[in-house]
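Chains as they are written, first to last, in the working numbering: chain A, 662 to 1044; chain B, 662 to 1044; chain C, 662 to 1044; chain D, 662 to 1044. Beta carbons: idealized from backbone N, C-alpha and C, even for Gly.
There are 4 protein chains.
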Amino acid sequence: MIRDLAATSLEMLAVFDDDALVAAALAFEAALAKAQAEHGLIPAAHAEIIAAACTGPVDTDALAFEAAHAGTLAIPLVKRLREAVGAEAAKSVHLGATSQDVADTALSLQGQEAVDLIERDGAALMAGLLRLAETHAATPMLGRTLLQGALPITFGLKASSWLLGVDNAMQRLGIEAGDALALQFGGAAGTLAGLDGKGRDVAETMAETLDLHLPPTPWHSRRDAIAGLGSALAILIGAIGKIARDLSLLAQGEVAEAFEPRVDGRGGSSAMAHKRNPTGCQVALAAAARAPQLAASLIAALPQEHERGLGGWQAEAPVLIELFKLAHGSLAAMVPVIAGLEVDTAAMARNLAAAKVGDDVGEAEAMVAMALAAFEADLEPDA
Amino acid sequence: MIRDLAATSLEMLAVFDDDALVAAALAFEAALAKAQAEHGLIPAAHAEIIAAACTGPVDTDALAFEAAHAGTLAIPLVKRLREAVGAEAAKSVHLGATSQDVADTALSLQGQEAVDLIERDGAALMAGLLRLAETHAATPMLGRTLLQGALPITFGLKASSWLLGVDNAMQRLGIEAGDALALQFGGAAGTLAGLDGKGRDVAETMAETLDLHLPPTPWHSRRDAIAGLGSALAILIGAIGKIARDLSLLAQGEVAEAFEPRVDGRGGSSAMAHKRNPTGCQVALAAAARAPQLAASLIAALPQEHERGLGGWQAEAPVLIELFKLAHGSLAAMVPVIAGLEVDTAAMARNLAAAKVGDDVGEAEAMVAMALAAFEADLEPDA
Amino acid sequence: MIRDLAATSLEMLAVFDDDALVAAALAFEAALAKAQAEHGLIPAAHAEIIAAACTGPVDTDALAFEAAHAGTLAIPLVKRLREAVGAEAAKSVHLGATSQDVADTALSLQGQEAVDLIERDGAALMAGLLRLAETHAATPMLGRTLLQGALPITFGLKASSWLLGVDNAMQRLGIEAGDALALQFGGAAGTLAGLDGKGRDVAETMAETLDLHLPPTPWHSRRDAIAGLGSALAILIGAIGKIARDLSLLAQGEVAEAFEPRVDGRGGSSAMAHKRNPTGCQVALAAAARAPQLAASLIAALPQEHERGLGGWQAEAPVLIELFKLAHGSLAAMVPVIAGLEVDTAAMARNLAAAKVGDDVGEAEAMVAMALAAFEADLEPDA
Amino acid sequence: MIRDLAATSLEMLAVFDDDALVAAALAFEAALAKAQAEHGLIPAAHAEIIAAACTGPVDTDALAFEAAHAGTLAIPLVKRLREAVGAEAAKSVHLGATSQDVADTALSLQGQEAVDLIERDGAALMAGLLRLAETHAATPMLGRTLLQGALPITFGLKASSWLLGVDNAMQRLGIEAGDALALQFGGAAGTLAGLDGKGRDVAETMAETLDLHLPPTPWHSRRDAIAGLGSALAILIGAIGKIARDLSLLAQGEVAEAFEPRVDGRGGSSAMAHKRNPTGCQVALAAAARAPQLAASLIAALPQEHERGLGGWQAEAPVLIELFKLAHGSLAAMVPVIAGLEVDTAAMARNLAAAKVGDDVGEAEAMVAMALAAFEADLEPDA
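Quick look at the structure:
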């Protein structure tokens, strides 16, 4: 857990731990039974027995070994569930479903909780950036290009561009998550065979129960939405990484224009008492160093074989989860940094003066206003 | 050109050749002068002289060396332009603009032509897939999962999933391209300084002239849209690669269910006269092997320094261009493959019978209909 | 653990769990104190007290939170160690060392155990491949190129090429691991300051104690060897993935030339009793889909800032560990597959005959002999 | 060419242009004929006619279209060669060879010229770094960690670590290039069929003629060495990128400790006359942003199908070439930067004093000596 917590939050670890995975997989089985009872495919009494069994305790460690041996979680999980419900109801368990239906839907359910956390803290980050942009709309500082002093800007202009970057990334994430976090229900070859022609109806009921998107047909080997979601997460991490890059440069001793807030026991050095390391930026930059390649893994997995592939989709879940973890770790690290950012406007003025590039900030203030208006338009519910 | 043409089309090579780049860069300068004249920043006569000079011939090879030496194309290009227009009008050239304004806008202009090619051939590919799905909605074949025979499907169900994959990817591409292919005009530090408060007006006029999107503020170091566009291109390439993966597996001698069309002189072997290689699939699969990592490069470039970064945005253009090239190469290879695909329904029936998995295709036909309805809804202009 | 065990072994999980990390970090502190006592920098009695304290129990969960808060493990770990040894000896704890010294060395120590596991099972895989190559040196089968039947080969030729691929990868891994798994000891800025000019002597003693390589100078921000090791691991995973690719194609129902061994409860389907999925190949192919991008993350992290960077090296450990896990997961999955591979030579003969490409296997047998001779030469201790 | 020259050298462009590719492919055919004549497989007169024809002019543009149509360069090239030599000798052209034999060997031949350029300029870079390390072995400056001032170092210690990074990378490159740049000759399925049992002898003679490594068996689908070479190039680019990262940070106006040499017309700004951009660093950092993902593409291509794959190896050549181009572009940009680096030791002293961290540089000087000794040991011919 030491290395996990260095990169993500305890909350996000909980979203993807074994208990949560098993609960999500069992939520699939319960919703399946419920929908099948509703459409007359299994007795209502079976659905109730199954639903009850789906809330019971599970020895996840034993299950882990069984799943690794079987090659998929669904096999031992369904076996246990069948044993739990008795021989009669057992016939109604997992009816017409395949392992990947469980795996994909469970990931979608966990993914929704993950997105909720990210949206909560993304909003907090944007609120902090908004305040910075407003407060410093007219605060002059040196603009820097190609790592050289260029012309004056305002700190608010910089902060408003950070804000737009995060806002754009959050908008993209919302769209992609809406597509990707979907119900999977197609059965062994994705044809909904063996369900008396009621497979699609069952799927629609399940999607409603689980509050998941339902694509026109099973997406067992059509994974563009997963790749799109992964890219969106990586772009969000990159947008936060951009803030961390700038702040870490501004916090350099020779520049000294902005600093992470002092937090007791954070950012120290095991060797140098005088140091105050930009630890939040460190987390965000480390995430930004890892995320792009994870997104690439998901895109690379697209050409999966036939109706359900070998190795491709099995590679996706751990990668997508890592992206969720890094995204939330990055947000959790940067929300307090932005909320408590120490801005030294005197140092900004001093460095600007030293650069001898005048004091014309052009249309910086007007642009801050445009950026904030655009951001606020995105907040509208019907945007 | 030998290795280029193995991966992309002559048309796409032309979109990104030196002449096109210089023309796009000069289109920026002409539009800038025109807009600045319109808003009273420079004399109208200067704008005319500049516009005229922007259509003249350019020694692109010499320019290449000068640009490499200077570290940016704009410097020698603007120098030449100033010389061409004479000392008076020279003062009105490139006024308030910076190198990256030219570079980004030129890439956007070239990118729009690239997207046009991709949309044209993407539509052709989807038309071919639609025909396949309709024709074979009820054609039974063996569904295969984890590279093992599973249950019956129909070939139309497979083709309709290919279609949805490409359709989703094209939709995403349209959205991302609309955001990313934008006017860049901010001046040295992105403040529109030195333009008498009319910078934003100038930008709006330019965006209209060049038919480009205009974000709320300059995006010199806010590159999420570029990363989003790159991801969308890579996902499209992956969606096409999925088709190529399946077809190449179906074309194996022992399976022999579908084949690329016979084209004289294509797919032969320098060593074996009997061979008929899936050359279109080869191009698409090679593209799918390269694209994900290119997208990752664009995402990795997000944390750029300050107002305009060092090395990050300079890395983007060649990578994005490579993605455009691979996307079109992939489409150009697969459009005729799908249009002329040889489908051996007898072999499909034979392999299905041999697998002894019955003939129940479940709700395959109904799902084809749902997929096609979803596709057609996406075609609606107001979708 | 469910998702972890789907991709790696219990053994490798243990190598990188919290207990192992803390033990490795404390081994650094103990070796440091021992070496400093030996070179007269601290009292011998302190070294003994420290060494004793370094074997005591640690609340790793609490430590995880403290480390996440501090931004580095060393700070809370050293604090606890100082408390454990008493005020006097506390002055001799972590003397002249910095957080990254601990982090890098601990990773090296864990990495060595990881490499041991990989070498053990790599040898087992190669032994299995050697047997296959010898047994089937003359077994004819259809050679396939561009996924089309080409000319006859022997199965031994194919197996011997698999063997050479793994052997080459193991050789590279040995070299890179020898360079990368090194002692780190340089202190805060890598100058060995505050050690009375005996810093290098201390480092040499520590390297000997811990049995680690010692580069000429601290490598806090010179990370080529880490990137080289990551690439070597990814290439190994790719070489194993190549075997899995071929086997999964040979196991297709229509080809049916080779199969993973039957193992009770493995490779089943939750939906289809008749299926026998290539589960070992699935694990290896999923690993091969993830590893390349992980290697890229390590290479991308190379341009780290100044003496010790921000975000770059902090990103490396989790990525390198993931590569170790995937490499061992891949080996653990494929060793039994190769050891128990079911080869259907009759099917090979049948498919070859059906392809009508004659029976000339060229110099296949002689090449098998050359491959095996090359492999055996690599086994020589002085090779 | 504008965008090409922004990233690489004219020399490297020439190594990989169409003329060079065709010349390399024809060198393969000539060497093949010569070796086959030597081993009695074809008449010596044919070999002479073929060798002569292999030096004739080729319409590379026409060939590009033919190759794209055929799906491989060898088919139209061999056709033209057969026409050129007349009907009799035509039978002796390309005997027993396959398209990939030509493609791989041609890439190896071009790769050797590329490596030569990189070794030439790598040596120049290291010579410059050596001078810096020697000159400034004792020059004090502020060491910086996590982008914060830490403790004193010497500039020579920093330069010597840069040197070791490049040296290590060059050593790795030499080893990997030696393995990867190999003769490919196996025929259609890699069995050397149809050559009367003399195939291996022919291969050995060819390897000698072309001065290429010869692995134990054909490596058509055993691509670890290609992936290893790609990784080595990317790591070299990263090691150079590390230097560029540090220099660009040192050149910041507020730090001002080191600057790229003034070169007339280089590093200017199209908008700001006062600027002096670190253009060499820009090229190196842009290369370092692209290279890691290119290496990943080569590793990802490892699991190629059967005897010769579909799409995998076809994806490799353009990627490997891009890595060669970026590596040389990076070197070409940084050799003059290091050779002419302006070091402001007074600014170093001033910043160090301002940081109030004393002046103890620990064992910095001794470590410079150790680093230089290690570097010089690597220069020994028998090292």
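Q: Put Arg618 (chain D) into one of helix, strand or coil per three-state DSSP.
A: Examination of residue 618 (chain D) is not possible in this model, given that chain D is present from 662 through 1044 alone.
Q: Could you tell me which residues DSSP puts in a beta bridge with Ala696 (chain B)?
A: Within the second sequence, numbered from 1, the residue matching residue 696 (chain B) stands at position 35. Beta-bridge pairing links Ala696 (chain B) to no other residue.
Q: Could you round the C-beta distance between Leu808 (chain B) and Ala667 (chain C) to whole angstroms and report it? I think they count as a contact, below 8 Å.
A: Reading the second sequence from its first residue, position 147 is the one you call residue 808 (chain B). Reading the third sequence from its first residue, position 6 is the one you call residue 667 (chain C). With 8 Å as the limit, Leu808 (chain B) and Ala667 (chain C) do not qualify as a contact, their Cβ atoms being about 18 Å apart.
Q.
Spatial neighbours of Ala993 (chain B) within its chain, please: C-beta separation below 6 Å, excluding the five flanking residues on both sides.
A. Along the second sequence, one-based indexing puts residue 993 (chain B) at 332. Excluding sequence neighbours, Ala993 (chain B) sits near Ser670.
Q) Just the Cα atoms here: how many angstroms apart are Asn834 (chain B) and Phe1036 (chain B)? A) Taking the first residue of the second sequence as 1, we reach residue 834 (chain B) at position 173. Taking the first residue of the second sequence as 1, we reach residue 1036 (chain B) at position 375. This sequence places Leu at residue 834 (chain B); Asn is not what is there. For Leu834 (chain B) and Phe1036 (chain B), the distance between alpha carbons rounds to 15 Å.
Q) In three-state DSSP terms, what is Leu803 (chain A)? A) Taking the first residue of the first sequence as position 1, residue 803 (chain A) is located at position 142. If DSSP states are grouped into helix, strand and coil, Leu803 (chain A) belongs with the strands.
Q.
Taking beta-carbon pairs under 7 Å, can you tell me which members of the region 997-1027 of chain B lie near chain A?
A. Asp1021, Val1022, Gly1023, Glu1024, Ala1025 and Ala1027
Q: Check the Cβ of Arg833 (chain D) against every Cβ in chain C and list those closer than 7 Å, keeping chain order.
A: In the fourth sequence, counting from the first residue as 1, residue 833 (chain D) sits at position 172. Here the neighbours are Gly889.
Q | Touch test, the region 694-706 of chain B against the region 863-872 of chain B, Cβ-Cβ under 8 Å, three pairs minimum | A | yes
Q) Roughly how many angstroms lie between the CA atoms of Pro876 (chain A) and Glu921 (chain B), to the nearest whole one? A) The sequence position of residue 876 (chain A) within the first sequence is 215, counting from 1. The sequence position of residue 921 (chain B) within the second sequence is 260, counting from 1. If I take the Cα positions, the gap works out to 30 Å.
(Q) Less than 7 Å between C-beta atoms, sequence neighbours within five positions excluded: which residues of the same chain meet that for Ile898 (chain D)? (A) Here the question's residue 898 (chain D) lines up with position 237 in the fourth sequence. If we look at Ile898 (chain D) and ignore the five residues flanking it on each side, its Cβ neighbours are Ala948, Ala949, Ala952, Leu987, Ala988 and Ser991.
**Q.** Burial state of Ala811 (chain D), where buried means 16 or more other Cβ atoms lie within 10 Å
**A.** Position 150 of the fourth sequence, counted from the start, is the residue given in the question as residue 811 (chain D). So Ala811 (chain D) ends up on the buried side.
Q) How is Leu812 (chain D) classed by DSSP in three states: helix, strand or coil? A) Counted from its first residue, the fourth sequence places residue 812 (chain D) at position 151. Leu812 (chain D) falls in the strand class under three-state DSSP.
(Q) Measuring straight from C-alpha to C-alpha, what distance separates Ile960 (chain B) and Ile711 (chain C)? (A) Here residue 960 (chain B) corresponds to residue number 299 of the second sequence, with the count starting at 1. Here residue 711 (chain C) corresponds to residue number 50 of the third sequence, with the count starting at 1. Taking the straight line from one Cα to the other gives about 46 Å.
(Q) For His730 (chain B), would you say it is in contact with chain D, using Cβ-to-Cβ distances shorter than 7 Å as the test? (A) As a working mapping, residue 730 (chain B) is identified with position 69 in the second sequence. Answer yes: the Cβ-Cβ gap between His730 (chain B) and chain D drops below 7 Å somewhere.
Q. Nearest-angstrom Cα distance between Ala684 (chain D) and Asp722 (chain D)?
A. For the purposes of this step, residue 684 (chain D) is identified with residue 23 of the fourth sequence, where counting begins at 1. For the purposes of this step, residue 722 (chain D) is identified with residue 61 of the fourth sequence, where counting begins at 1. Their backbone Cα atoms lie some 14 Å apart in a straight line.
**Q.** Same chain, Cβ closer than 6 Å to Ser821 (chain B), five either side skipped, listed in chain order
**A.** As a working note, residue 821 (chain B) is residue 160 in the second sequence. Once the five neighbours on either side are set aside, the close Cβ partners of Ser821 (chain B) are Ala794, Val1029 and Ala1032.
Q. Looking only at DSSP bridge pairs, what is Phe1036 (chain A) linked to?
A. As a position in the first sequence, residue 1036 (chain A) is number 375, starting the count at 1. Beta-bridge pairing links Phe1036 (chain A) to no other residue.
Q: Measuring alpha carbon to alpha carbon, tell me which of A:Lys740, A:Ala767 and A:Ile904 ends up nearest Val754 (chain A).
A: Within the first sequence, the letter at position 93 stands for residue 754 (chain A). Considering only alpha carbons, the answer is A:Lys740.
Q: On a CA-only basis, which of B:Val1018, B:Gly972, B:Thr815 and B:Ala705 is nearest Leu908 (chain D)? Give me that one, please.
A: For the purposes of this step, residue 908 (chain D) is identified with residue 247 of the fourth sequence, where counting begins at 1. Per the Cα distances, B:Gly972.
Q. Since Ser753 (chain B) is in the alpha helix (DSSP H), which residue starts that stretch and which ends it?
A. What you label residue 753 (chain B) is simply residue 92 of the second sequence in a count that begins at 1. Segment: none, Ser753 (chain B) is in no alpha helix (DSSP H) and carries neither H nor E.
Q) Counting contacts by CB-CB distance shorter than 7 Å, is Gly970 (chain C) in contact with chain B? A) To locate residue 970 (chain C), count along the third sequence from 1; it is residue 309. Chain B contact via Cβ: absent.
Q: Please name the residue or residues paired with Val1004 (chain D) in a DSSP beta bridge.
A: Working through the fourth sequence from its first residue, we reach residue 1004 (chain D) at position 343. According to DSSP, Val1004 (chain D) bridges with D:Ala919.
Q. Quick one: Cα of Asp679 (chain C) to Cα of Ala788 (chain D), how far?
A. The residue labelled residue 679 (chain C) in the question sits at position 18 within the third sequence. The residue labelled residue 788 (chain D) in the question sits at position 127 within the fourth sequence. One C-alpha to the other measures close to 45 Å.
Q. Per DSSP, what kind of secondary structure is His874 (chain C) in: helix, strand or coil?
A. For this step, residue 874 (chain C) is matched to residue 213 along the third sequence. Residue state, collapsed to three classes: strand.
**Q.** Beta-ladder partner(s) of Ala843 (chain D), from DSSP
**A.** In the fourth sequence, residue 843 (chain D) corresponds to position 182, counting from 1. In the DSSP output, where bridge partners are listed per residue, Ala843 (chain D) has D:His874.
Q | Neighbouring residues, chain D, relative to Val924 (chain A) (Cβ below 8 Å) | A | Position 263 of the first sequence, counting from 1, holds the residue named residue 924 (chain A). Simply none; closest approach about 15 Å.
Q. Leu738 (chain D) to Ser892 (chain B), Cα distance in whole Å?
A. Taking the fourth sequence and counting its residues from 1, the one referred to as residue 738 (chain D) is at position 77. Taking the second sequence and counting its residues from 1, the one referred to as residue 892 (chain B) is at position 231. Those two C-alpha atoms are separated by around 37 Å.
Q: State whether the region 761-779 of chain A contacts the region 842-858 of chain A, with contact taken as three or more CB pairs (one from each stretch) at a distance under 8 Å.
A: yes
Q: Tell me whether the beta-carbon of His730 (chain B) lies closer than 7 Å to the beta-carbon of Arg664 (chain D).
A: Numbered from 1 along the second sequence, position 69 holds the residue referred to as residue 730 (chain B). Numbered from 1 along the fourth sequence, position 3 holds the residue referred to as residue 664 (chain D). The answer is no: Cβ separation not under 7 Å.
Q. Cβ atoms of Leu778 (chain A) and Glu918 (chain A): under 7 Å apart, would you say?
A. Counting from one through the first sequence, the residue named residue 918 (chain A) turns up at place 257. Counting from one through the first sequence, the residue named residue 778 (chain A) turns up at place 117. Contact: no.
Q: Give the C-beta separation of Asn938 (chain C) and Gly783 (chain A) to the nearest angstrom, bearing in mind that I take them to be a contact with Cβ-Cβ under 8 Å.
A: As a position in the third sequence, residue 938 (chain C) is number 277, starting the count at 1. As a position in the first sequence, residue 783 (chain A) is number 122, starting the count at 1. In fact, because the Cβ distance is near 40 Å, the residues do not count as touching under 8 Å.
Q. Taking the C-alpha atoms as reference points, what is the distance between Val763 (chain B) and Thr800 (chain B)?
A. Locating residue 763 (chain B) in the second sequence gives position 102, where the first residue counts as 1. Locating residue 800 (chain B) in the second sequence gives position 139, where the first residue counts as 1. Going by the C-alpha atoms only, they are around 54 Å apart.
(Q) Let's see if you can read the secondary structure: which residues bound the alpha helix (DSSP H) around Gly858 (chain B)? (A) Here residue 858 (chain B) refers to the residue found at position 197 of the second sequence. Where Gly858 (chain B) is concerned, there is no enclosing alpha helix (DSSP H), given that its DSSP letter is neither H nor E.
Q. Between Ala767 (chain A) and the rest of its own chain, which residues show a CB-CB distance below 7 Å, the 5 nearest in sequence each way excluded?
A. Along the first sequence, read from residue 1 onward, the residue named residue 767 (chain A) stands at position 106. Correct list, in chain order: Leu682, Ala685, Ala686 and Phe689.
Q.
Helix, strand or coil for Ala1044 (chain C)? Go by DSSP, reduced to three states.
A. Here residue 1044 (chain C) corresponds to residue number 383 of the third sequence, with the count starting at 1. Residue placement at Ala1044 (chain C) cannot be trusted, given a pLDDT of 47 that sits under 50; what the coordinates show is reported in the next sentence. The answer is coil: DSSP assigns Ala1044 (chain C) none of H, G, I, E or B.
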